[in-house]
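Below is one structure, written out as C-alpha cells; comments come after it.
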C-alpha cells in the first residue's frame, strides 16, 4: 500500500488519542483499593476526585510525610468541607517527623498560644484531636482491656492527631489507628495518602497492615501486590529499604507475639494474593483499560509523574525514611 492510504495507516488514531486523554484525565490519581476498608493515593486524589471519596464513604484520612501545616490547608479547604457537608464528619491524622515531638493538644487557649494563633493549624489540630480523643474514649469504654486490641496505650491517641513516631512505634501507631477507625465506625473507609504513590514510608506502612492480617506473607509478595495496582511505575522506589526495613521486621514479630499472647488466630480476612479476590477485582477494570497498542508502547513506558503545585508544596524536600 502506498500514497495517502499508507500514511494514514501509520498515524495514531485521533479517536484513540482523544479516548486515551479522556481516560487518563478521569483516572489519573484515582484512589486505589487495597482492601475492603483501605484505599491509598496522593494528595491529588483528594483534590481531583472528591466524588470518589464520597462514593467510597471515606471518613478517615491518614497523611504520610505530609507536613502538618499542609494538612491544615487541605483540611480547611472547600474540598474537605464539601465532602459530607461538615468537617466534623471526617477525621484527619498525619505522620510528620518534623512536627513538634510529643505535642499535646490540651485546651484551645494553650493551643493558640503554642501555634501563634495560626487559624488553619489550630483548626486542624484542635478539631481532629478532639474527635480522635472521643473515639479513643469510646473504644476504652466498650473494651475493658484495650491492650488486647491496640499495640500501644490508648491514651496516646487522646493527645494529638499529628504523630512524630519512628521505627516500630510508627507501624504500631499506624495499625492502631486503622483498628480504632474500624472499631468505632465499621462503615467508614480510610484513605492513606502521601505526596506520591511510590512514597517509601507509605508503601512500607501499607505492607505492614497486610502482614498484620497474614504474618506468613512475605514482604516481597505484599510489595508486588501493591505496586501491581499502580499506573505509575515504581522504578524510583529503593526496594531494599523496604525489604530490609528493621521497623517493619520488628513490627511483624511483635504482631506474632501479640497474637500469641491474646490467643488470636491469623487475621487472614483479606485475600490479597488471589487475582479473584474482591480487592483485585475492584482494580481490574482500571488495569484492563490500560492501552497496550504497539504504536504507543514507548510512550506508555515513559514515566510521566509531573506534580501539580499542591503536590510540590506537600513534598518534604528529602527522601522519606521507611525505617
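Numbering (UniProt numbering), first residue to last: 1 to 323.
For glycine and all other residues, C-beta sits at the position ideal for the given N, C-alpha and C.
query                                                                                                                                                                                             : result
For residue 57, collect the residues of the same chain with a Cβ closer than 8 angstroms to its Cβ; drop the 5 residues on either side in sequence, then sort them by chain order.                : 187, 188 and 189
For residue 153, tell me which candidate among 162, 173, 207 and 181 has the shortest Cα-Cα distance.                                                                                             : 173
Does the Cβ-Cβ distance between residue 204 and residue 237 come in under 8 angstroms?                                                                                                            : no
Once DSSP output is grouped into helix, strand and coil, what is the label at residue 111?                                                                                                        : helix
Under the assumption that residue 29 contacts residue 48 (Cβ atoms under 8 angstroms), give the Cβ distance between them as a whole number of angstroms.                                          : 5 angstroms
Buried or exposed, going by whether 16 or more other CB atoms sit within 10 Å of the CB of residue 262?                                                                                           : exposed
Could you give the distance in angstroms between the alpha-carbon of residue 278 and the alpha-carbon of residue 228?                                                                             : At residue 278 the pLDDT is 46, less than 50, meaning the model places this residue with poor confidence and gives no usable figure here.
Residue 46 and residue 94 - do their beta-carbons sit closer together than 8 angstroms?                                                                                                           : no
Answer yes if the region 134-151 comes into contact with the region 167-183, meaning at least three C-beta pairs across the two stretches below 8 angstroms, and no otherwise.                    : yes
Since I believe residue 123 is in contact with residue 72 (beta carbons under 8 angstroms), could you give me their beta-carbon distance rounded to a whole number of angstroms?                  : 7 angstroms
On the three-state DSSP scale, how would you describe residue 57?                                                                                                                                 : coil
What's the call for residue 195, buried or exposed, on a 16-neighbour Cβ count within 10 Å?                                                                                                       : buried
Would you call the region 248-261 in contact with the region 206-223, where contact means no fewer than 3 C-beta pairs closer than 8 angstroms?                                                   : yes
For a test of the three-state rule: what should DSSP assign to residue 85, helix, strand or coil?                                                                                                 : coil
Mapping DSSP to helix, strand and coil, what is residue 42?                                                                                                                                       : strand
What's the gap between the Cα of residue 82 and the Cα of residue 97?                                                                                                                             : 29 angstroms
Since I believe residue 202 is in contact with residue 40 (beta carbons under 8 angstroms), could you give me their beta-carbon distance rounded to a whole number of angstroms?                  : 7 angstroms
Would you list, in sequence order, the uninterrupted alpha helix (DSSP H) runs of no fewer than 4 residues that lie entirely inside the region 164-230?                                           : 167-184, 200-213 and 219-228
The alpha helix (DSSP H) spanning residue 103 covers which residue range?                                                                                                                         : Counting along the chain, residue 103 falls outside any alpha helix (DSSP H), and DSSP gives it neither H nor E.
Might you give, ordered along the chain, the residues of its own chain that have their beta carbon closer than 6 angstroms to the beta carbon of residue 234, omitting 5 neighbours on each side? : 198 and 227
Assign residue 252 to one of three DSSP states: helix, strand, or coil.                                                                                                                           : helix
Have a look at residue 248 and residue 118 and give me their C-alpha separation to the nearest angstrom.                                                                                          : 36 angstroms
Just to confirm my understanding: we take residue 135, look at its own chain, exclude 5 residues before and 5 after, and list those with CB closer than 7 angstroms. What are they?               : 180 and 184
Residue 138: which of 157, 126, 121 and 103 sits nearest, CA to CA?                                                                                                                               : 157
Between which two residues does the beta strand (DSSP E) harbouring residue 94 extend?                                                                                                            : 91-95
Report the rounded CA-to-CA distance for residue 68 versus residue 260, giving the unit in angstroms.                                                                                             : 37 angstroms
Please report the distance separating the alpha-carbon of residue 207 from that of residue 167.                                                                                                   : 14 angstroms
Which value, in whole angstroms, describes the spacing of the CA atoms of residue 116 and residue 54?                                                                                             : 34 angstroms
Going by CA-CA distance only, name the one from 127, 140, 220 and 239 that's closest to residue 76.                                                                                               : 127
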